[in-house]
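Asks:
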Amino acid sequence: MQATLAVELRQKALEWGVDLLGFAPVERFTRFPLEHRPATTLAEARTVIVLALHMVDPLLDLWLHAPPTTGAGRTSTGRAFEDEIMRSVCYRLVLFLERRGFRSEVAGYEPGIYLKDAAILAGLGAIGRNNLLVTPQFGPRVRLRAVVTAAEIAPSRLMNIKPCPETCDRCIQACPVKALEGGRFNRERCLTSPLHRRPLSPAVELWCNECANVCPVGIRAPGEDTLQLKVTTSASTGTRGQSEQLPG
Ligand code: B12
Ligand code: SF4
Ligand code: SF4
């Protein structure tokens with residue numbers, strides 16, 4: 030098991046611009062359907078490296094399109110600034126690992142592995158009432174990506190947290206289409222949010238993010254502390270039983 034590799038990778042990824050990093054051995058993914066397991070990206074996969082970027086400013090979330098041309102619709106480049114940062118760090122990690130002799134790939138996105146679940150399994154946080162990954166450091170205001178590698182890297186400990194204070198329902202109240210009511214995420218309702226794909230200019234849109242914006246957990250911008258979570262860790266592989274203690 031590569032403990033020093035874990036330290037090196039963490040150091041590199043943080044230096045290259047992400048804010049959190051965790052390692053989940055592929056055995057933690059057996060609960061998922063085959064098409065959402067790491068082996069779909071890389072047959073010899075041994076570890077999933079999950080990266081999180083703190084969305085320190087909505088600027089990172091701007092969704093860019095090719096400028097419209099007369100008579101034709103816009104073409105989505107499907108790119109936000111956070112994508113550019115995350116993709117770049119992922120490819121640099123792949124190159125770093127390949128140079129050490131470990132086959133590695135950027136994990137598929139859609140279809141691909143479920144990143145919130147992967148992040149939980151890599152010890153980055155837990156699911157909140159907003160159905161998002163809530164991290165102690167930044168609350169739900171993170172974006173996720175993953176790299177799958179043949180390297181066996183010392184696994185991160187799972188975080189044992191209940192991210193939501195008993196009485197908090199800020200995200201439920203803030204959702205413009207009531208997609209979080211009744212303790213379940215209603216995907217169809219979420220998709221009807223008038224705040225999705227708000228055009229800010231002919232070439233730029235912003236997606237709804239209310240359920241993350243209002244969350245009191247973690248910092249928003251550097252220096253702005255909010256609710257601190259008490260984190261304990263567990264070396265177990267995590268089970269649905271554990272998730273059942275959590276809302277979301
Ligand atoms: C498709 C998609 C959408 C769709 C549908 C979402 C859905 N959940 O069905 C739409 C367009 C509606 C959407 C909306 C949003 N999305 Co989206 N989306 C995705 C995408 C591409 C796949 C998600 C998916 O299908 N997951 C599988 C389903 C089954 O998961 P789920 O029902 O949401 O939740 C499961 C887990 O929480 C799990 N679970 C609960 N507790 C536990 C505990 C343990 C131990 C485990 C293992 C699992 C577990 O059980 C749930 C049911 O199976 C991911 C990227 C990716 N590749 O993962 C981004 C992603 C989930 N989206 C993200 C974001 C930010 C958003 C939005 C805020 C919009 C925005 N501004 O970008 C909203 C938030 C909506 C909400 N409150 O959940 C982020 C989440 C970051 C975070 N902090 O969690 C992701 C990870 C993208 C990214 N690059 O970071 N999204
Ligand atoms: S993204 Fe917007 S519409 Fe969807 S659940 Fe969050 S607040 Fe509601
Ligand atoms: S707003 Fe409150 S209830 Fe919603 S995820 Fe954050 S802490 Fe949990």
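Mapping of the sequence shown onto this note's numbering: position 75 corresponds to residue 104, and the numbering continues sequentially without gaps. C-beta atoms are modelled at their ideal positions from N, C-alpha and C, and glycine is treated no differently.
May I have the straight-line CA-CA distance separating PRO192 from LEU153, to the nearest angstrom?
Replies: Each residue's alpha carbon lies about 12 Å from the other.
Asks: Report all residues from its chain with a CB closer than 7 Å to the CB of ARG227; omit the five preceding and five following residues, and keep chain order.
Replies: Cβ within range, chain order: GLU234, LEU235.
Asks: In the DSSP assignment, find the unbroken beta strand (DSSP E) run with ILE182 in it and report its ends.
Replies: From DSSP, ILE182 is part of no beta strand (DSSP E); its letter is neither H nor E.
Asks: Please determine whether the Cβ atom of ASN238 lies at a distance below 7 Å from any heavy atom of ligand 3.
Replies: Because no heavy atom of ligand 3 lies under 7 Å away, the Cβ of ASN238 does not count as near it: no.
Asks: Using the C-alpha atoms, what's the distance from ALA32 back to THR196?
Replies: Looking at the two C-alpha atoms, the distance is approximately 40 Å.
Asks: Verify the contact flag: PRO169, CB atom, against every heavy atom of ligand 5, threshold strictly below 7 Å.
Replies: No copy of ligand 5 occurs in the structure displayed; its ligands are ligand 1, ligand 2 and ligand 3 alone.
Asks: Is the Cβ-Cβ distance between LEU162 and ALA148 less than 8 Å?
Replies: Cβ distance < 8 Å, so LEU162 and ALA148 count as in contact.
Asks: Give the C-beta separation of PHE167 and GLY247 to the nearest angstrom, bearing in mind that I take them to be a contact with Cβ-Cβ under 8 Å.
Replies: Yes, they are in contact, since the Cβ atoms of PHE167 and GLY247 sit about 4 Å apart, within 8 Å.
Asks: Could you please give the first and the last residue of the uninterrupted alpha helix (DSSP H) stretch that includes PHE110?
Replies: From DSSP, the alpha helix (DSSP H) with PHE110 extends over 110-128.
Asks: So, VAL243 versus ARG199, is the Cβ gap smaller than 8 Å?
Replies: Yes.
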